[in-house]
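In our numbering, the protein residues as written are 5 to 304. Idealized CB from N, CA, C, for every residue including glycine. Everything numeric in this text was worked out from a predicted model, so none of it was measured.
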């Protein structure tokens, strides 16, 4: 399935807080401008990287409103709208459509393990609240506890708004299986971006793209031009950065936000509890990551 709006590199947008830990509209707009200025193809707003499960409905609306104030008409915007109940999810879906997003996305319901018919009903109810907006299934079984299956995808394809899958499972084979069902697929795990593209992903959505968008954009272009070995070498460097980012005492997104500050990007605060902020050691680690990213940006 070809759709130019859903191809390329889509940073998963980070939560942006002020010094009191509230959503900062100013920081949201600065981050949106910063990423758009880097040449990314789109933004994925309100997902895991955006700490959505720790935010209220009103906070998620405020964040998306400010992203759209900067991004509308410039890049593709996908808004993740799932909450752990259908009513709030529908409210966010209708709100996202009113702002003119290109697509909404949703994980399956978490905590209770529901049968596939209940998951399909949940997703279709959300989609019905935004009937003129594309719908993307977010498959992240290691976090949600429920995996998208081909039979469930076939059921969801009866809904004409369902156009794609954001696949964050660790099986590259899933990308190939879902793509063969006639939908486009985004690669989720940043560490397997090149592998995901090789399996047929239209692009990628990732939580580390925000600190190294130029590097992921270069990998994408190399992969599309058939320069597989060069793309893999750059993927290895990306993975080295990610492994170091994940080795800190604080949450990876806290490290990412510190890297942004070191790079001269916007100050978007820390992370929201119960996620852990930076330790003293993490600041040195973030500086190491920033240096590694700067080196990876240089021409090979």
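Query: Just how far apart, CA to CA, sit residue 287 and residue 253?; Result: 10 Å
Query: Where does residue 90 fall in DSSP's three states?; Result: helix
Query: Can you tell me the Cβ-Cβ gap for residue 203 and residue 176, rounded? I've got them flagged as a contact below 8 Å.; Result: 5 Å
Query: Classify residue 122: buried if its beta carbon has 16 or more other beta carbons within 10 angstroms, exposed otherwise.; Result: exposed
Query: From residue 238 to residue 269, what distance separates their C-alpha atoms?; Result: 23 Å
Query: Going by the CB atoms, is the gap between residue 28 and residue 21 shorter than 9 Å?; Result: yes
Query: May I ask you to verify whether the region 155 to 174 touches the region 64 to 75, counting CB pairs closer than 8 Å and requiring at least 3?; Result: no
Query: In angstroms, rounded to a whole number, what distance separates the CA positions of residue 296 and residue 94?; Result: 42 Å
Query: To the nearest angstrom, how far is it from the Cα of residue 284 to the Cα of residue 259?; Result: 11 Å
Query: Report the residue ranges of all alpha helix (DSSP H) runs contained in full by the region 191 to 276; include only those spanning at least 4 residues, in chain order.; Result: 197 to 202, 217 to 228, 232 to 249 and 256 to 266
Query: Mapping DSSP to helix, strand and coil, what is residue 41?; Result: helix
Query: On the three-state DSSP scale, how would you describe residue 71?; Result: helix
Query: Enumerate in chain order the residues of its own chain whose CB-to-CB distance from residue 128 is below 6 Å, with the five nearest sequence positions on each side excluded.; Result: 163
Query: At what residue ranges does the region 5 to 31 contain a whole run of the alpha helix (DSSP H), taking only runs of 4 or more?; Result: none
Query: For residue 262, count neighbouring C-beta atoms within 10 Å of its own C-beta (all shown protein chains included) and say buried if the count is 16 or more, exposed if not.; Result: buried
Query: Pull up the distance between the alpha-carbon of residue 134 and that of residue 294, whole angstroms please.; Result: 40 Å
Query: Verify whether the separation of the beta carbon atoms of residue 208 and residue 214 is less than 9 Å.; Result: no
Query: Can you grab the Cα-Cα spacing for the pair residue 80 / residue 223, in whole Å?; Result: 20 Å
Query: Residue 116 by DSSP, collapsed to three states: which one?; Result: coil
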